[in-house]
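Encoded as structure tokens, the structure appears first; notes follow it.
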Amino acid sequence: MTPLNADLHCHSTISDGTLTPEALAARAKAHGVELWALTDHDEIGGQQRALAAAQEVGLQYLSGVEISVTFIHQTVHIVGLGFDPQDPVLRRGLVQTRGGRGQRAMAMSAQLAKVGIQGAYEGALKYAGNHDLISRTHFARFLVERGVCRDTNEVFRKYLTEGKPGFVEHRWASLKDALSWIKGAGGVAVLAHPARYKFSANEEFALFTEFKSHGGEGVEVVTGSHSAAEYLSYADTAREFGLAASRGSDFHSPDESHTELGTLPPLPAQLTPVWELLADRIQNRPHPIPAALAAIGH
Ligand code: AMP
Ligand code: MN
Ligand code: MN
Ligand code: MN
Numbered sequence: 002m003t004p005l006n007a008d009l010h011c012h013s014t015i016s017d018g019t020l021t022p023e024a025l026a027a028r029a030k031a032h033g034v035e036l037w038a039l040t041d042h043d044e045i046g047g048q049q050r051a052l053a054a055a056q057e058v059g060l061q062y063l064s065g066v067e068i069s070v071t072f073i074h075q076t077v078h079i080v081g082l083g084f085d086p087q088d089p090v091l092r093r094g095l096v097q098t099r100g101g102r103g104q105r106a107m108a109m110s111a112q113l114a115k116v117g118i119q120g121a122y123e124g125a126l127k128y129a130g131n132h133d134l135i136s137r138t139h140f141a142r143f144l145v146e147r148g149v150c151r152d153t154n155e156v157f158r159k160y161l162t163e164g165k166p167g168f169v170e171h172r173w174a175s176l177k178d179a180l181s182w183i184k185g186a187g188g189v190a191v192l193a194h195p196a197r198y199k200f201s202a203n204e205e206f207a208l209f210t211e212f213k214s215h216g217g218e219g220v221e222v223v224t225g226s227h228s229a230a231e232y233l234s235y236a237d238t239a240r241e242f243g244l245a246a247s248r249g250s251d252f253h254s255p256d257e258s259h260t261e262l263g264t265l266p267p268l269p270a271q272l273t274p275v276w277e278l279l280a281d282r283i284q285n286r287p288h289p290i291p292a293a294l295a296a297i298g299h
């Protein structure tokens, strides 16, 4: 049996993607996705549109979000799936988490001005479809527009990462809070793209241990941020910690993303796909054929 083509990580104009939820749904469908989740950063304002668009094009859908967390002085991302988007505690937590973005953006702009790049706040804001969700990605697009760098990757490398002129340290949600919001809203928490973090082996062990102890249930194994070797090493980590495995492109933009929606390889063998934990949360699911009918070929 061919595995389900699930893509449970991508971004729309509601956070730092360049496509609307509707355009993403159509693109996911065109690339063979069967089960989709829109996971904007710290924001669930696109969920209703994503679900409606999924219904329109015939995609199964899970609610999604990617929450920014601070763990041992680094930013870690936690994907929430299959939660109730109306849950008031989750909604309040997300408002609080995105609250500091405006001030951080102004501080980034002031630092960039010191190295001769003027007007970065206003410039980045132009790229932000949602002004509450101004992100480093919007600054990166502005610096490319200005001709400071050739592409957004170069901007991150030279200006927006730790130790570089436009980087501002920021305190996001705690791991414990993010997990309690997701779980309290009936969802499943997934540790996003673990290979992206720069933790020592001990720190990474602590991250997985704490994630698990606060009720985390899944880890992204096959993601646009991992190499083929990392699929295998995090498949081992998933088995070691008894975590289900997720798959998602982390698609942001046709011009910037190297991984297209729905095109990653399937999960390695002997892992529990995270969507199996979420079977009753999947919306727009086709009715299962009763076993008796399936047996006689209907
Ligand atoms: P923020 O939440 O404002 O700190 O921005 C984080 C976002 O920046 C991530 O979700 C990615 O979309 C983007 N990003 C982070 N690192 C890089 C990189 N090296 N190259 C391109 N985009 C990046
Ligand atoms: Mn992003
Ligand atoms: Mn992320
Ligand atoms: Mn992401």
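Offset between the sequence shown (1-based) and our numbering: plus 1. Beta carbons: idealized from backbone N, C-alpha and C, even for Gly.
Could you say which of the options lies nearest to residue i if we only look at CA atoms?
{"i": "Ala7", "options": "Ser13, Ala29, Ala125", "result": "Ala29"}
{"i": "Asp256", "options": "Ser234, Asp133, Arg151", "result": "Arg151"}
{"i": "Gln61", "options": "Thr76, Gly33, Phe72", "result": "Gly33"}
{"i": "Thr19", "options": "Val90, Thr138, Met2, His74", "result": "Thr138"}
{"i": "Leu95", "options": "Trp182, Gly103, Leu233, Asp17", "result": "Trp182"}
{"i": "Phe242", "options": "Gly249, Phe252, Ser234", "result": "Ser234"}
{"i": "Gln49", "options": "Asp43, Ser64, Ser175", "result": "Ser64"}
{"i": "Lys165", "options": "His215, Gln271, Leu278, Gln112", "result": "Gln112"}
{"i": "Ile68", "options": "Ala239, Ala129, Val191, Pro267", "result": "Val191"}
{"i": "Ile45", "options": "Ser110, Asp133, Ala24", "result": "Asp133"}
At a cut-off of 7 Å, would you count residue i as near ligand 2, judging by its Cβ distance to the nearest heavy atom?
{"i": "Asp43", "result": "no"}
{"i": "His12", "result": "yes"}
Under the criterion of a Cβ to heavy atom distance below 7 Å, does residue i qualify as lining ligand 4?
{"i": "Asp237", "result": "no"}
{"i": "Glu261", "result": "no"}
{"i": "Asp1", "result": "The structure shown does not extend to residue 1, since the chain is modelled only from 2 through 299, so no value can be given for it."}
{"i": "Gln256", "result": "Strictly speaking, residue 256 in this sequence is Asp, with Gln absent from that position. Checking every heavy atom of ligand 4 against the Cβ of Asp256, none is found closer than 7 Å."}
{"i": "Asp85", "result": "no"}
{"i": "Asp133", "result": "no"}
Beta-carbon within less than 8 Å of residue i's beta-carbon, same chain only, minus the 5 sequence neighbours each way: which residues are those?
{"i": "Arg147", "result": "Ile118, Gly124"}
Which residues in the same chain as residue i place their Cβ atom closer than 7 Å to its Cβ, once the five residues preceding and following it in sequence are excluded?
{"i": "Thr21", "result": "Ser13, Thr14"}
Is residue i a contact residue of ligand 3, with contact defined as CB to any heavy atom under 7 Å?
{"i": "Ala38", "result": "no"}
Within its chain, find whatever has a CB closer than 6 Å to the CB of residue i; leave out the 5 residues flanking it on each side and keep chain order.
{"i": "Arg105", "result": "Val169, His171"}
{"i": "Glu204", "result": "Ile73"}
Discussion item. Under 8 Å: do the segment 181 to 192 and the segment 74 to 90 share three or more Cβ pairs, one atom per stretch?
Written reply: The segment 181 to 192 is in contact with the segment 74 to 90.
Fill in: Touch test, the segment 30 to 38 against the segment 6 to 20, Cβ-Cβ under 8 Å, three pairs minimum
yes
Item to complete: List in chain order the residues whose CB is within less than 6 Å of at least one heavy atom of ligand 1.
Response: Those residues that have a beta carbon less than 6 Å away from any non-hydrogen atom of ligand 1 are, in order along the chain, Asp17, His42, Ser69, Ser136, Arg137, Thr138, Thr153, Asn154, Phe157, His253.
Worksheet item: Counting Cβ pairs closer than 8 Å, one from the segment 280 to 288 and one from the segment 49 to 56, do we hit at least three?
Response: Touching, per the Cβ criterion.
Practice prompt. For the segment 62 to 78 and the segment 195 to 206, state whether three or more C-beta atom pairs, one from each stretch, are separated by less than 8 Å.
Written response: yes
Worksheet item: How would the residue list near ligand 3 read, in chain order, if you kept each one whose beta-carbon is closer than 6 Å to any heavy atom?
Response: Glu67, His78, Ala193, His194
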